[in-house]
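In this note's numbering, the protein residues as written are 8 to 160. In this text, a Cβ means the ideal position worked out from N, Cα and C, and glycines have one as well. Structure, as structure tokens:
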Amino acid sequence: MNPLKSWQYRALYAIVGLLAASGLLWLAVHYLWGAGAEQLPHPLEPWLMRLHGAAAFAGLFMAGVLAAAHVPQGWRMTTRNPRLRQHKAGQRRTGLALCALGVAVVFSGYLLFYFAPEDWRAAIGWSHAALGLVLAALLPLHGWRHGVRSRRR
Ligand code: HEM
Ligand code: HEM
Numbered sequence: 008m009n010p011l012k013s014w015q016y017r018a019l020y021a022i023v024g025l026l027a028a029s030g031l032l033w034l035a036v037h038y039l040w041g042a043g044a045e046q047l048p049h050p051l052e053p054w055l056m057r058l059h060g061a062a063a064f065a066g067l068f069m070a071g072v073l074a075a076a077h078v079p080q081g082w083r084m085t086t087r088n089p090r091l092r093q094h095k096a097g098q099r100r101t102g103l104a105l106c107a108l109g110v111a112v113v114f115s116g117y118l119l120f121y122f123a124p125e126d127w128r129a130a131i132g133w134s135h136a137a138l139g140l141v142l143a144a145l146l147p148l149h150g151w152r153h154g155v156r157s158r159r160r
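Given below as structure tokens:
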């Protein structure tokens with residue numbers, strides 16, 4: 008068993024949900040309601056990015072929380088115990104994929120904030136959003152609480 012504490016589980020889903028929602032809304036405002044690149048940004052855009060940035064910092068905090076216990080413990084229990092390894096092999100694969108996606112989405116977010124030259128910005132932004140959405144979709148496949156067993160906390 009490698010369950011998260013209740014507050015960690017809720018915080019993780021709340022933060023990933025907030026990141027995905029603010030990112031998707033920004034895309035909608037920027038590309039659909041807003042105008043083309045030649046016009047001023049819609050006034051909602053900076054507010055959505057402020058929210059997104061705050062959630063991103065909280066997400067980094069959660070990455071630290073998971074790195075301290077969940078990931079090493081999950082790794083051990085999918086290695087040493089042959090019975091569990093068979094049972095939980097998929098958990099290791101999806102866990103690793105979540106880690107890789109996390110690194111890629113943080114790195115592309117960093118590029119967007121500090122480095123993106125104008126002619127690269129849209130491509131980096133779309134890749135960043137796509138990676139983030141794959142992460143958000145994979146999270147429940149890796150760690151959705153089913154049934155009463157894991158609801159006991
Ligand atoms: C190599 C890395 C990882 C490994 C080996 C791993 C392993 C595991 C295992 C074995 C479980 C099953 C626990 C059980 O059934 O009791 C689990 C659950 C879970 N994992 Fe991971 N994990 C990894 C990375 C991650 C990451 C990066 C995240 C979040 C972005 C994450 C989020 C979760 C969640 C939310 C659960 C459900 C916990 C619960 O029900 O309390 N894991 N993980
Ligand atoms: C969960 C899904 C996510 C989605 C859908 C998403 C989407 C977006 C979008 C659409 C933008 C604007 C792109 C542009 O300016 O062209 C953006 C910017 C950004 N994202 Fe995300 N993102 C996600 C997760 C994350 C995560 C996990 C982090 C970091 C921990 C992050 C950090 C950033 C940063 C730093 C920016 C730049 C902010 C700015 O320029 O003001 N994002 N994201």
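Handout entry: Span separating the alpha-carbon of His-37 from that of Thr-101
Key = In a straight line, the C-alpha of His-37 is about 32 angstroms away from that of Thr-101.
Handout entry: Helix, strand or coil at Met-69 according to DSSP, with G and I counted as helix
Key = Here Met-69 carries a helix assignment [DSSP, helix/strand/coil].
Practice task
Given a cut-off of 9 angstroms, decide if Ala-143 and Leu-26 are closer than it, judged by their beta-carbon atoms.
Solution key: The Cβ-Cβ distance between Leu-26 and Ala-143 falls below 9 angstroms.
Problem - Pro-50 versus Met-84: straight-line alpha-carbon distance, rounded - result: Computed Cα separation, rounded: 49 angstroms.
Problem - Alpha-carbon to alpha-carbon, Leu-108 and Gly-24 - result: Computed Cα separation, rounded: 16 angstroms.
Problem - Contact check, His-149 vs Gln-98, beta carbons under 9 angstroms - result: It is a contact, given that the beta carbons lie within the stated cut-off.
Exercise for the section: Please report how far the alpha carbon of Val-113 lies from the alpha carbon of Ala-96, in whole angstroms. Expected result: Cα-Cα distance, rounded: 26 angstroms.
Problem - Candidates Leu-31, Trp-14, Cys-106: closest to Met-82 by CA position - result: For the record, residue 82 in the displayed sequence is Trp; it is not Met. Minimum Cα distance to Trp-82 is reached at Cys-106.
Exercise for the section: Grab me the residues of Ser-115's own chain with a C-beta within less than 7 angstroms of its C-beta, minus the 5 sequence neighbours each way, in chain order. Expected result: Close CB contacts of Ser-115 within its chain, under the 7 angstroms cut and outside five residues either way in sequence, are with Ile-131, Ser-134, His-135, Leu-138 (chain order).
Problem - Ser-29 and Met-56 closer than 9 angstroms at C-beta - result: Less than 9 angstroms separates the beta-carbon of Ser-29 from that of Met-56.
Exercise for the section: Please confirm whether any heavy atom of ligand 1 lies closer than 8 angstroms to the CB of Gly-24. Expected result: No, Cβ of Gly-24 sits at least 8 angstroms from all heavy atoms of ligand 1.
Handout entry: Any non-hydrogen atom of ligand 1 within 8 angstroms of Gly-30 CB
Key = Placement of the Cβ of Gly-30 at a distance of 8 angstroms or more from every heavy atom of ligand 1 is found.
Handout entry: Pick from Met-8, Trp-127, Leu-67 that is closest to Pro-79, judged by C-alpha positions
Key = Nearest C-alpha to Pro-79: Met-8.
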